[in-house]
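Participant: Numbering (the working numbering), first residue to last: 3 to 121. This is the structure I have questions about; it appears just below.
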């Protein structure tokens, strides 16, 4: 797992990762529900979609829109086990630990909070 400041600096240099922003219905959903509710959703998504050693449809399990967490996952490289390995040093083929799940949710918190959505 990486230092968050280093991670966000690296993500900022990625043309692909840097293009993701919350707009439209995803931004409105975050405003309406609030960050803590959205982070509850994030934890649930991570557990259900990423925590297995070999998730079903790995690499295709996270849509790119329709929920603020999905956008955040693509922006932060937390969308699939391949990206978790590449960006965060979390190996594929092993179930996520509670510490790793907490780390992923904290990354998502930081990205979502940085989107400057008026609450």
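Cβ coordinates follow ideal geometry from the N, Cα and C atoms, glycine included. This structure is a prediction, so every number in the text was calculated from the model and none was measured.
Using 8 Å as the cut-off, can you tell me whether the region 23-43 makes contact with the region 110-119, which would need three or more C-beta pairs spanning the two stretches below that distance?
Facilitator: With the cut-off at 8 Å, the region 23-43 and the region 110-119 touch.
Participant: Is residue 40 near residue 70, with beta carbons less than 7 Å apart?
Facilitator: The residue given as residue 40 occupies position 38 in the chain shown. The residue given as residue 70 occupies position 68 in the chain shown. Yes.
Participant: Go ahead and pull the three-state DSSP assignment for residue 50.
Facilitator: Sequence index remark: in the chain shown, residue 50 carries index 48 (1-based). Helix at residue 50.
Participant: For residue 26, which three-state DSSP category applies?
Facilitator: Here residue 26 is taken as the residue at index 24 of the chain shown, counted from 1. Residue 26: helix per DSSP, three-state reduction.
Participant: Could you pull the start and end residues of the alpha helix (DSSP H) that residue 97 belongs to?
Facilitator: Here residue 97 corresponds to residue number 95 of the chain shown, with the count starting at 1. No alpha helix (DSSP H) holds residue 97; DSSP gives it neither H nor E.
Participant: Classify residue 75: buried if its beta carbon has 16 or more other beta carbons within 10 angstroms, exposed otherwise.
Facilitator: Numbered from 1 along the chain shown, position 73 holds the residue referred to as residue 75. By the neighbour-count rule (16 or more Cβ atoms within 10 Å), residue 75 is buried.
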